[in-house]
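Following: one structure in structure tokens, then a few remarks.
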Amino acid sequence: MTSLPKNRIESIDLLKGLVMVIMALDHVRDYFHYASNFFDPADPTKTSLAIFFTRWITHFCAPTFCFLAGISAFLIGKRKTLTQLSSFLIKRGLWLVFIELTVMTFGLFFDVQFRTFGLLVIWSLGISMIILAGLIHLPRKTLLLFCILFIFGHNLLDGVSFGNNLLWNILHQPTLVKISADTQLLVSYPIIPWFAVMGLGYYFGSFYDQSYDSVKRKKLFNTIGFASIILFIILRVINLYGDPRPWQHYDTFSKELISFLNPVKYPPSLLFLLMTLGGTFLFLANSEKLRGKAVAFFSTFGRVPFFYFVLHIYLIHITAMIFAELSGFGWKLFILPSFTGLVPELRGYGFNLITVYLIWIGIVIVLYPICKKFDVYKQNHKEKWWLSYL
Numbered sequence: 101m102t103s104l105p106k107n108r109i110e111s112i113d114l115l116k117g118l119v120m121v122i123m124a125l126d127h128v129r130d131y132f133h134y135a136s137n138f139f140d141p142a143d144p145t146k147t148s149l150a151i152f153f154t155r156w157i158t159h160f161c162a163p164t165f166c167f168l169a170g171i172s173a174f175l176i177g178k179r180k181t182l183t184q185l186s187s188f189l190i191k192r193g194l195w196l197v198f199i200e201l202t203v204m205t206f207g208l209f210f211d212v213q214f215r216t217f218g219l220l221v222i223w224s225l226g227i228s229m230i231i232l233a234g235l236i237h238l239p240r241k242t243l244l245l246f247c248i249l250f251i252f253g254h255n256l257l258d259g260v261s262f263g264n265n266l267l268w269n270i271l272h273q274p275t276l277v278k279i280s281a282d283t284q285l286l287v288s289y290p291i292i293p294w295f296a297v298m299g300l301g302y303y304f305g306s307f308y309d310q311s312y313d314s315v316k317r318k319k320l321f322n323t324i325g326f327a328s329i330i331l332f333i334i335l336r337v338i339n340l341y342g343d344p345r346p347w348q349h350y351d352t353f354s355k356e357l358i359s360f361l362n363p364v365k366y367p368p369s370l371l372f373l374l375m376t377l378g379g380t381f382l383f384l385a386n387s388e389k390l391r392g393k394a395v396a397f398f399s400t401f402g403r404v405p406f407f408y409f410v411l412h413i414y415l416i417h418i419t420a421m422i423f424a425e426l427s428g429f430g431w432k433l434f435i436l437p438s439f440t441g442l443v444p445e446l447r448g449y450g451f452n453l454i455t456v457y458l459i460w461i462g463i464v465i466v467l468y469p470i471c472k473k474f475d476v477y478k479q480n481h482k483e484k485w486w487l488s489y490l
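Residue numbers for the sequence shown follow the working numbering, so the first one is 101 and each next one is one higher.
Right, here's the structure in full:
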């Protein structure tokens, strides 16, 4: 029997780092791509395969990180009582919600008036942690059934609407709502089913126990991964359940492929989660023995994901202001009243997709030594409790 010899699990750090780096690509595209101000990159009638797959690969980021956050919560809990873990998750969750509404909101818009707020991925992780603080007290099998029920069943709620009901919007129906004459709130990440994804990760965290055979884990994760993707294909083909937006036939194969591979993300449909978490299980199953400089590079980001996430938003936004100034649009263009894509003044600004990729690579390269130094500091000062919140 082979087991995991280290305190940290490198395959998990590697996958966290990969999704962090890939996530930056989507945000760079938002701030720099000319076409992002004109049309949805997943619209089969307007996009191209290159633009679509630039967006599609980033679909894996939020579900994967939410799932891995659940695994991490289980691993942290091995050094705590359930009560202590619940307390930590609640405090950590409240902290993330606060950061979303303050630090991240300003980072996205650089707007001192705070005209737009977003309940986005950091909010989703925070609320899910708060809910997970209660779910961890359930028996393991009950927790698994509870999470599967919400992941597989929440699309039954797609047709349910209560008009302009903010509570329902926060629970399951994304919306852009006016809070006042000058303030708006975008609910992109409703609570359901994100907390179930994190709870599922917590359940599977037990498979990383030192006593669990890594060969069995690999076989189990491969089975779940392939089964999820096969089920995604079957349900997508029959177009009966699992996504509120059935795929459509078009006049070209490329358009049909885009439609087929574009299940709803907000909130993540069953098909979206089968497609993305299926890939997550397959990666985890087959990456435990990966080593080398590339693994070390991405794992660095995976060990300091929150620190990296905050920095990358600010760096991307500042860089966009510099590019806007140099290209004649003026840096004030990126003091944003709303999200990119919803600001008419941004139309006409931007660059081609190759430039977007070059800027993305540059952003990641600049952030690496900063994250590396913070990672070393964090690993050498584990006695500092506040580092667990960064």
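Cβ coordinates follow ideal geometry from the N, Cα and C atoms, glycine included.
CB of residue i within 8 angstroms of CB of residue j, strictly
{"i": "residue 134", "j": "residue 452", "result": "yes"}
{"i": "residue 79", "j": "residue 226", "result": "There is no way to answer for residue 79, as the model of the chain reaches only from 101 to 490."}
{"i": "residue 433", "j": "residue 440", "result": "no"}
{"i": "residue 373", "j": "residue 299", "result": "no"}
{"i": "residue 381", "j": "residue 429", "result": "no"}
{"i": "residue 518", "j": "residue 305", "result": "For the chain, the structure presents residues 101 to 490; residue 518 sits outside this window and is missing."}
{"i": "residue 233", "j": "residue 190", "result": "yes"}
{"i": "residue 290", "j": "residue 344", "result": "no"}
{"i": "residue 294", "j": "residue 224", "result": "yes"}
{"i": "residue 413", "j": "residue 220", "result": "no"}
For residue i, the first and last residue of its enclosing beta strand (DSSP E)
{"i": "residue 278", "result": "275-278"}
{"i": "residue 219", "result": "216-219"}
{"i": "residue 415", "result": "Unbroken run through residue 415 is the alpha helix (DSSP H), 405-426; no beta strand (DSSP E)."}
{"i": "residue 287", "result": "284-287"}
Residue from the options whose Cα sits closest to the Cα of residue i
{"i": "residue 491", "options": "371, 309, 471, 359", "result": "Only positions 101 to 490 of the chain appear in the structure, and residue 491 is not among them; the question remains open."}
{"i": "residue 324", "options": "232, 280, 384", "result": "384"}
{"i": "residue 417", "options": "206, 159, 117, 193", "result": "206"}
{"i": "residue 359", "options": "306, 373, 142", "result": "142"}
{"i": "residue 210", "options": "272, 436, 326, 431", "result": "436"}
{"i": "residue 247", "options": "386, 262, 292", "result": "292"}
{"i": "residue 427", "options": "412, 448, 414, 409", "result": "448"}
{"i": "residue 375", "options": "144, 121, 149, 156", "result": "156"}
{"i": "residue 341", "options": "369, 238, 160, 482", "result": "369"}
{"i": "residue 393", "options": "486, 173, 114", "result": "114"}
{"i": "residue 410", "options": "489, 481, 482", "result": "489"}
{"i": "residue 236", "options": "182, 307, 281", "result": "182"}
{"i": "residue 468", "options": "400, 458, 480", "result": "400"}
{"i": "residue 212", "options": "354, 201, 220", "result": "201"}
{"i": "residue 352", "options": "280, 140, 147, 158", "result": "147"}
{"i": "residue 331", "options": "379, 309, 310", "result": "379"}
{"i": "residue 365", "options": "356, 258, 326", "result": "258"}
{"i": "residue 297", "options": "172, 283, 152, 420", "result": "172"}
{"i": "residue 240", "options": "281, 313, 408, 307", "result": "307"}
Distance between beta carbons of residue j and residue i, contact taken as under 8 angstroms
{"i": "residue 119", "j": "residue 165", "result": "5 angstroms"}
{"i": "residue 288", "j": "residue 218", "result": "6 angstroms"}
{"i": "residue 132", "j": "residue 397", "result": "The pair is not a contact, with the Cβ atoms about 23 angstroms apart (cut-off 8 angstroms)."}
{"i": "residue 463", "j": "residue 390", "result": "With 8 angstroms as the limit, residue 463 and residue 390 do not qualify as a contact, their Cβ atoms being about 24 angstroms apart."}
{"i": "residue 302", "j": "residue 170", "result": "4 angstroms"}
{"i": "residue 163", "j": "residue 377", "result": "6 angstroms"}
{"i": "residue 199", "j": "residue 230", "result": "About 14 angstroms separates the two Cβ atoms, so there is no contact after all."}
{"i": "residue 196", "j": "residue 112", "result": "Their Cβ separation, rounded to whole angstroms, is 19 angstroms, which puts residue 196 and residue 112 out of contact at 8 angstroms."}
Residue span of the alpha helix (DSSP H) that contains residue i, given as start and end
{"i": "residue 374", "result": "370-386"}
{"i": "residue 348", "result": "Run containing residue 348: none; DSSP gives neither H nor E here."}
{"i": "residue 128", "result": "110-132"}
{"i": "residue 310", "result": "No alpha helix (DSSP H) holds residue 310; DSSP gives it neither H nor E."}
{"i": "residue 479", "result": "453-480"}
{"i": "residue 150", "result": "149-156"}
{"i": "residue 486", "result": "From DSSP, residue 486 is part of no alpha helix (DSSP H); its letter is neither H nor E."}
{"i": "residue 327", "result": "314-338"}
{"i": "residue 187", "result": "182-199"}
{"i": "residue 209", "result": "205-209"}
{"i": "residue 355", "result": "353-360"}
{"i": "residue 429", "result": "Element bounds for residue 429: n/a, residue is neither H nor E."}
8 angstroms Cβ cutoff, residue i in contact with chain B
{"i": "residue 261", "result": "Of the protein chains in the structure, only one exists, and it is not chain B."}
Legend entry - the segment 122-134 / the segment 337-345 touching (three or more Cβ pairs under 8 angstroms): Touching, no, given that fewer than three Cβ pairs across the two stretches are closer than 8 angstroms.
Legend entry - the segment 179-186 contacting the segment 311-322, beta-carbon criterion three pairs below 8 angstroms: By the Cβ criterion, the segment 179-186 is not in contact with the segment 311-322, since fewer than three pairs of Cβ atoms, one from each stretch, lie closer than 8 angstroms.
Inset, instruction - Kindly confirm or deny that the segment 238-258 and the segment 275-282 touch, where touching means at least three C-beta pairs closer than 8 angstroms. - result: Counting Cβ pairs under 8 angstroms, fewer than three are found: no touch.
Legend entry - Any 3 or more C-beta pairs closer than 8 angstroms across the segment 403-421 and the segment 461-475: Yes, the segment 403-421 is in contact with the segment 461-475.
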